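Right, one structure below, let's go through it.
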Amino acid sequence: MSMQRLDDEGAMTPPPTLEWTDGTIRYEIGSGELHLWRIRTDADGTDLSYGLSLLGDGQRERASRIRHAPYRERYIRAHAGLREILSRYLDASPRSLRFAYGPAGKPALADATVPISFNLTTTGDLALVAICAGAGRSADVGVDCEWIRPRHSIEAVAQRMFAPEVLQTLASAPQDERLACFYRAWTALEADAKADGRGLFRPRPAGAQPPAVLHCIPETGYIAAVARETLPPVKDWSTFDLL
0 MSMQRLDDEG AMTPPPTLEW TDGTIRYEIG SGELHLWRIR TDADGTDLSY
50 GLSLLGDGQR ERASRIRHAP YRERYIRAHA GLREILSRYL DASPRSLRFA
100 YGPAGKPALA DATVPISFNL TTTGDLALVA ICAGAGRSAD VGVDCEWIRP
150 RHSIEAVAQR MFAPEVLQTL ASAPQDERLA CFYRAWTALE ADAKADGRGL
200 FRPRPAGAQP PAVLHCIPET GYIAAVARET LPPVKDWSTF DLL
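Quick note: the sequence shown, position 60, residue 59 per numbering that gives the first Met the number 0, numbers continuous.
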């Protein structure tokens, strides 16, 4: 199976590094804006007992099934953080939020009083949440972030997942840049698939156009991609640290 894509900035353009603002108040978001939030999922993140108290019953049950403690703690902090972030736009308590899930598992707010689209990604000790105003396909947003670490199988993964033009870009990259190029292509692919909720292994609906994809560096050692039908330039994104 060969799947598209790379990005909309040009494969060799270095992604911009984000600067983060303390996020401590209630937020509103306008049409066409993109808000990106950073959540710490390591020991520097939210208190685990508090985080667990914010989760819904299904999320607590899922957390209890994660046997490896660091993974369980990251899950709790990421999903508690998502609830805290969404509550600031909805003027609702984090614990009260209810979610509905698409065919491939993409969450959406159920019975939201404010129409917003969101997406969560977790990797390493970091989680990101993308927020957009509105509902429906034009508002759908996907985000993927990857911790850049050595992989021994990038060629095999690329051959199975990437379109020919992406494979060509990867093959032509200098050896010392190939790993970063792979992660750039992978995050674009994931964000694209998450935007409309179809997942990696379902084809794009007939006649549907691919979304715009833009990359950024959330912090050293990571790369992220955001996908949406239309996106403002990265320099116009609002970027917040969850505190």
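We put the CB at the ideal spot given by N, CA and C, even for glycine.
Predicted, not measured: the structure shown is a model, and the values here were computed from it.
Cutoff 8 Å; reference residue i; Cβ partners in own chain excluding five residues on either side
i: residue 244; result: Past the boundaries of the shown model lies residue 244; the chain is included only from 0 to 242, so the question cannot be answered.
i: residue 0; result: Any answer about residue 0 is weak, because its pLDDT of 35 lies below 50 and its placement is not dependable; what the coordinates show is given next. Only 159, 160 and 200 meet the Cβ criterion.
Rounded C-alpha distance that separates residue i from residue j
i: residue 238; j: residue 20; result: 6 Å
i: residue 26; j: residue 88; result: 5 Å
i: residue 159; j: residue 200; result: 11 Å
i: residue 192; j: residue 24; result: 31 Å
i: residue 234; j: residue 220; result: 20 Å
i: residue 109; j: residue 134; result: 12 Å
i: residue 210; j: residue 190; result: 9 Å
i: residue 92; j: residue 79; result: 12 Å
i: residue 242; j: residue 36; result: 10 Å
i: residue 123; j: residue 68; result: 13 Å
i: residue 172; j: residue 119; result: 30 Å
Residue i, enclosing alpha helix (DSSP H) - first and last residue
i: residue 185; result: 177-194
i: residue 163; result: 163-171
i: residue 53; result: 47-53
Residue i (DSSP reduced to helix, strand or coil)
i: residue 65; result: coil
i: residue 232; result: coil
i: residue 80; result: helix
i: residue 38; result: strand
i: residue 116; result: strand
i: residue 143; result: strand
i: residue 201; result: coil
i: residue 99; result: strand
i: residue 26; result: coil
i: residue 18; result: coil
Limits of the beta strand (DSSP E) - the one that residue i falls within
i: residue 237; result: 237-241
i: residue 227; result: 221-227
i: residue 130; result: 125-132
Contacts around residue i, its chain only, beta-carbon distance under 6 Å, and the 5 residues preceding and following it disregarded
i: residue 76; result: 40, 44, 45 and 50
i: residue 71; result: 62 and 65
i: residue 17; result: 215, 217 and 238
Sequence-distant residues of the same chain with beta carbon closer than 7 Å to residue i, five excluded per side
i: residue 103; result: 196, 197, 198 and 201
Option in the options with minimal Cα separation from residue i
i: residue 114; options: 175, 100, 132 and 121; result: 132
i: residue 13; options: 217, 229 and 235; result: 217
i: residue 249; options: 84, 59 and 66; result: Outside the displayed span of the chain (0 to 242) sits residue 249, for which this structure offers no information.
i: residue 48; options: 36, 74, 66 and 28; result: 74
i: residue 140; options: 94, 36 and 194; result: 194
i: residue 207; options: 175, 232 and 136; result: 136
i: residue 182; options: 149, 42 and 240; result: 149
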